[in-house]
Amino acid sequence: MAYKRKIKVAVLSDIHLGTHGCHAEELLNYLNSIEPEILIMNGDIIDIWQFKKNYWPEAHRKVIKRILDFITSDIPVYYLTGNHDEMLRKFSGLKLANFHLKDKIVLNLDGKKAWFFHGDIFDVTMQYSKWLAKLGAIGYDFLIILNQFVNFWSTLLGRGRISISKKIKDSVKTAIKYIHDFEKTATDLAIENGYEYVICGHIHHPNIRKYNNNAGSVTYLNSGDWIENLTSLEYNEGKWQIYHYDSAEFARPEKVHVRKEENIYPTSSEQYISEQMMYLFKHNR
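Position 108, counted from 1, in the sequence shown is what the numbering used here calls 108; the numbers after and before it change by one each time, with no gaps.
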């Protein structure tokens, strides 16, 4: 069996399974390389907004299968709802074995309170113009597809990969201000409620930063995404770090972490959880 890194808490968000931009194969490599004590899926895991029955590649199915493996291995998995999977919020509080469906959670990590939630609650567009947000999501998905075409030729010419959407966000002042305002709102609220950590997703901008105001201080963390940045958050021995996916790490034969599926047929508990999750998904689009 390939070596697996032991992690106390792993946090993933904004995977967007079911869309062309999702890097499911890379994510599968990552998931097969870790052994977390707790796995937190912090929103926008399955993109219900843009889900199409004719687009569900094998790698996307295997990501779900790997998450089910964690659940049936007595590893608590918290699925926190985001805006792209908000239809599941009506089932918040659901518990199936080690699977927990929630909108937010608070964990005690070595004596410090950590507040986890997706973060779309701070998005004014989501609150008042949801149709505009969905239109933007479609445009973003198109930009990702265009980016794949550009990267194909860029890599062929030896210039490496680029992220068009990331370059746009990093250069547009309004986008920079939006990220700053998002972080400030989250941290001010976390300080007010006495949390030491506040962990979000939503804005596809991985970050760990200490914030202070007149009432106190808090550490803000964002897990990024698996569309542009291919990042997660990891907590071990009292410290947080951002994990950045490195394809070179998985290119060497001795380091390949993609696990062979020894058992093609799921166990009864795994099948039950899978059926329940897919029922919720299919009947609440």
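Each residue gets a CB set at the ideal place from its N, CA and C atoms; glycine is no exception.
Small disclaimer: the values here were computed from a predicted structure and weren't measured.
Leaving aside the five residues that flank residue 28 on each side, the residues in its chain whose CB is nearer than 7 Å to its CB run, in chain order, 59, 62, 63, 66, 258.
Annotation for residue 207: 222 place their beta carbon closer than 6 Å to its own, counting only its chain and skipping 5 residues before and after. From the listed residues 113, 57, 118, 114, the smallest Cα separation to residue 101 is found for 118. As computed with DSSP, residue 243 is found in a beta bridge with 232. In this structure the segment 85-98 lies against the segment 45-57, because at least three pairs of beta carbons, one per stretch, are closer than 8 Å. Only residues of its own chain outside the window of five on either side were considered, and among them 196 have a CB closer than 6 Å to the CB of residue 112, listed in chain order. Contact between the segment 4-12 and the segment 24-43 is present: 3 or more CB-CB pairs across the two stretches fall below 8 Å. The beta carbons of residue 186 and residue 122 sit closer together than 8 Å.
Collapsing the DSSP output to three states places residue 98 in coil. Bounds of any alpha helix (DSSP H) do not take in residue 89, whose DSSP letter is neither H nor E. Put simply, of 202, 178, 213, 203 the residue whose alpha carbon is nearest the alpha carbon of residue 189 is 213. Per DSSP, reduced to three states, the secondary structure at residue 215 is coil, with no helix or strand assignment. At the C-beta level, residue 13 and residue 194 stay beyond 8 Å of one another.
DSSP places residue 30 in the uninterrupted alpha helix (DSSP H) bounded by 24-31. Where residue 70 is concerned, the enclosing alpha helix (DSSP H) starts and stops at 58-72. The residue from 237, 229, 114, 247 with its alpha-carbon nearest to that of residue 204 is 229.
Rounded to whole angstroms, the separation of the alpha carbons of residue 242 and residue 234 is 6 Å.
For residue 113, the beta-bridge partners assigned by DSSP are 108. Per DSSP, reduced to three states, the secondary structure at residue 196 is coil, with no helix or strand assignment. Rounded to whole angstroms, residue 70 and residue 77 show a C-alpha spacing of 7 Å. Cα atoms of residue 53 and residue 11: separation of roughly 28 Å, rounded to the nearest angstrom. Residue 178 carries a helical assignment under DSSP once its states are collapsed to helix, strand and coil. Short of 6 Å from the beta carbon of residue 37, and not among the five residues preceding or following it, lie these beta carbons of its own chain, in chain order: 8. Excluding residues up to 5 positions away in sequence, 24, 45, 46, 47, 60, 63 lie with their Cβ nearer than 7 Å to the Cβ of residue 17 in the same chain.
Taken atom to atom, the span from the alpha-carbon of residue 183 to that of residue 73 is near 35 Å.
Pairing residue 94 with residue 43 gives a Cβ-Cβ distance that is not under 8 Å. Residue state for residue 184 is assigned as helix, using DSSP reduced to three classes.
Distance between residue 211 and residue 120, taken at the CA atoms: about 20 Å. At the C-beta level, residue 75 and residue 107 stay beyond 8 Å of one another. A distance below 6 Å between beta-carbons, with the five flanking residues on each side excluded, links residue 244 to the following residues of its chain, in chain order: 231.
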